Structure formats: structure tokens, C-alpha cells
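Residue numbers (our numbering): 585 to 914.
Note that CB positions come from ideal geometry on N, CA and C, so glycine has one too.
Note that this is a predicted model, so its numbers are computed, not measured.
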């Protein structure tokens, strides 16, 4: 027996919509058609939508204040500096205002909090992002908690995290990566309601919030992790699988239900002598084997990663518009 997936491309909205899935006889001409969920393309589409919205508001409202994002970088880690440049580039592309706060690696906690206080009180700054990780002498949780919830574009403030567990409302801001996972499902026409969703990973940054988002969309959700008993069996029950455990290629294709949608959040480096850098990036799912079984799957890189920046830009726009209700009241 084989799985056949029928789908419609919708080029104008940057999505592919699954029509239906059928299991057919192996002697027929049908074969598995796995959809590669291209987060890079979808993220680019979202950025263009946000850019158009900003341009429209600038043209229509003389007193419109463009979104402002402040990025705080402590120290000189090359990877952190690269991520900051990517975020600033996205802001420039969309016409956002950016504020760069570059601080020495040995900055005192009180001095860092002073900088955050200034940004909290700046009406032209709508979003504040502290690039992680911070140096060891700084308590990350305490620093992040000092950002006012309405400017917490990373969605990591306790008020934003806690609000996700209350089904009656969403927080000021939804964490970028979990929000990006849901956006990928929506833009590919993947039905969430009534589906069995399995989240492998229980981090407060991805695993738990994405589980709450899926639950809020009426999925039946199971959270598991590397210590769960019969992890393979649990994963095999998933219609929607979100892998966010931080273990390179742990989830094998043999674990996956035929036709399931796989969202691979993991990004891990593994040694590879054939690469100039000496390594390559892989996800938490063994991509080659999973691609033979899944109905849809995100690649690594190029899947969830670009969505994180796109949702950061969306969060910044949302926060900016909440400070200008006179322009956006319906």
C-alpha cells in the first residue's frame, strides 16, 4: 500500500493546500508526494505583507509612528552578532526604526537593567529584544522579566508565557518560534482542530508554548521528551509532529505515521568533513528517512528558522499598533 496526497498550489498567497490524502494500491501509478514546507519562502511572503502594511499606514496617517525595535547585545559573540544583523536587516527591509544597544561583556546587572528601563520608557520603542545567551554573570530570566510585557517581542515574559495557559485569551505577544510553527501549518492549509498533535520537547521557549497554541486550536496534544516511555510509539500516533528536543536526528522516519505533518524546530551542528566549515546543520528529525513517509516536512535549515524572524517582525508591528489605538480602532 502507498500514500497519495492531492494538493493545490496557491502561488498568490505563498501556500500549498492539501486537498486530501488517500492510501492506494502499490500496483497503481500513485506514489507518496511529500510537501516540503518552505519556511524561507513563507517567511519572505510575511515580510512583504508587513512591509506593505507599514507603507499603507505611512501613506494614510500623517501621525503614524513606524514600528521601533530595540536590540540589546551584550558582549561580542560572533553567533549573537550574526543573529542581530539578520534582525536589523529585516527591520530595514520593512521600514522599521531600529535602536542598537551594544554593551560590554562585563557589564554589571544594574547597568544592564538601567538600559532596559530607558527602553521601557521610550515611546518610540515598541519592542525590546535582548539577544541570548547572556554572559554567565547575568541572570537571563531576571533580565527578560524586566522588559515590560507589552514590549516583550520575544514573548518570554512570565505574563506572556502564563497567559498562553488561559484558553480565554492570548498574551500580549506569542513567542516567535511557536507562533511560526502555527503559521506554517495555517499557510499550508493543515487542519489542526481534532488532530492528534505530539510535541517532542518541553522547553519554556518552544515546547510548552507550542503545545498550548495547538491546544487552543482544539488539537489533542501530547507533550513528551527524551525520557518518555515508548517515545517512538507516542510519536507514531501524531497527525502533527513538532520536534523541539535539541537532539540531532533523534526522530527517525520509522517513527512517523504515513502522511503526518512534521515541523522540525531543531537546529544542531554535526561533524561533516565534506563541508568547508567542517560541519552541517541538521534538525531533531532524520530528514532523509522522514521525507519518505511524511505528508509534509520542514527542512533544516530553511524551515522554522526564517519564520522566527518573520514572527518577530510581526510581533513588533502588533506592539506598535497597540500604542496607536486611535488609528486602528475598528
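Reference residue i, options the options, closest by Cα
{"i": "residue 655", "options": "821, 873 and 699", "result": "699"}
{"i": "residue 692", "options": "681, 703, 727 and 669", "result": "727"}
{"i": "residue 787", "options": "770, 627 and 810", "result": "810"}
{"i": "residue 687", "options": "697, 911, 617 and 823", "result": "697"}
{"i": "residue 657", "options": "746, 774, 671 and 763", "result": "671"}
{"i": "residue 923", "options": "892, 792 and 819", "result": "A question about residue 923 goes unanswered here, because the residues of the chain that appear run from 585 up to 914."}
{"i": "residue 897", "options": "682, 664 and 660", "result": "682"}
{"i": "residue 830", "options": "853, 820, 817 and 822", "result": "853"}
{"i": "residue 931", "options": "909, 676 and 873", "result": "This structure leaves residue 931 out entirely; the chain is present only between 585 and 914."}
{"i": "residue 721", "options": "632, 872, 813 and 695", "result": "695"}
{"i": "residue 791", "options": "632, 644, 822 and 759", "result": "759"}
{"i": "residue 785", "options": "813, 826, 774 and 747", "result": "826"}
Chain-order list of residues whose beta-carbon lies under 6 Å from that of residue i (same chain, five-residue window excluded)
{"i": "residue 642", "result": "648"}
{"i": "residue 856", "result": "863 and 864"}
{"i": "residue 752", "result": "The pLDDT assigned to residue 752 is 48, lower than 50, so where the model puts this residue is not dependable, and the model offers no usable value."}
{"i": "residue 877", "result": "837, 840 and 842"}
{"i": "residue 743", "result": "733"}
{"i": "residue 761", "result": "790 and 892"}
{"i": "residue 912", "result": "905"}
{"i": "residue 828", "result": "785, 790, 791 and 849"}
{"i": "residue 908", "result": "none"}
Contacting residues, own chain, Cβ-Cβ under 8 Å from residue i (five flanking each side not counted)
{"i": "residue 801", "result": "766, 776 and 777"}
{"i": "residue 611", "result": "Model confidence at residue 611 stands at a pLDDT of 47, short of 50, so the residue's coordinates are unreliable; what they give is reported in the following sentence. There are no such residues."}
{"i": "residue 723", "result": "693"}
{"i": "residue 729", "result": "741 and 742"}
{"i": "residue 820", "result": "839, 840 and 841"}
{"i": "residue 713", "result": "653, 654, 655, 656, 671, 737, 738 and 896"}
{"i": "residue 701", "result": "730"}
{"i": "residue 910", "result": "none"}
Own chain, CB closer than 7 Å to residue i, minus 5 neighbours either side, in chain order
{"i": "residue 870", "result": "833, 835, 836 and 837"}
{"i": "residue 805", "result": "781, 783, 795, 798 and 799"}
{"i": "residue 749", "result": "796"}
{"i": "residue 815", "result": "808"}
{"i": "residue 668", "result": "655, 657 and 715"}
{"i": "residue 875", "result": "618 and 881"}
{"i": "residue 644", "result": "none"}
Rounded Cβ spacing between residue i and residue j (contact assumed at less than 8 Å)
{"i": "residue 740", "j": "residue 789", "result": "7 Å"}
{"i": "residue 919", "j": "residue 894", "result": "No answer is possible for residue 919: the residues shown for the chain start at 585 and end at 914."}
{"i": "residue 886", "j": "residue 622", "result": "7 Å"}
{"i": "residue 818", "j": "residue 769", "result": "About 20 Å; that fails the 8 Å criterion."}
{"i": "residue 689", "j": "residue 659", "result": "4 Å"}
{"i": "residue 709", "j": "residue 703", "result": "5 Å"}
{"i": "residue 803", "j": "residue 779", "result": "5 Å"}
{"i": "residue 737", "j": "residue 679", "result": "Not really, about 17 Å apart at Cβ, beyond 8 Å."}
{"i": "residue 764", "j": "residue 899", "result": "At roughly 11 Å, the Cβ-Cβ gap does not stay under 8 Å, so residue 764 and residue 899 are not in contact."}
{"i": "residue 793", "j": "residue 757", "result": "So it is not a contact: roughly 11 Å between Cβ atoms."}
Residue-level contact to chain C via CB, residue i, 8 Å cutoff
{"i": "residue 670", "result": "Judged by its chain identifiers, the structure shown contains no chain C, having just a single protein chain."}
Would you be able to state if there are at least three C-beta pairs under 8 Å between the segment 854-865 and the segment 893-905? Short answer: they don't touch.
Contact between the segment 873-889 and the segment 839-853 (3+ Cβ pairs under 8 Å): yes
Threshold first: 4 residues or longer. Then list the alpha helix (DSSP H) segments lying entirely within the segment 624-678, N to C. 662-678
Pick out the complete beta strand (DSSP E) segments inside the segment 683-715, 3 residues or longer, and give them in chain order. 711-714
Which parts of the segment 821-889 are runs of the alpha helix (DSSP H), unbroken and 4 residues or longer, counting only runs that do not cross its ends? 871-875
Unbroken alpha helix (DSSP H) runs of length 4 or more, entirely within the segment 761-806: which are they? Here the runs fully enclosed are 791-800.
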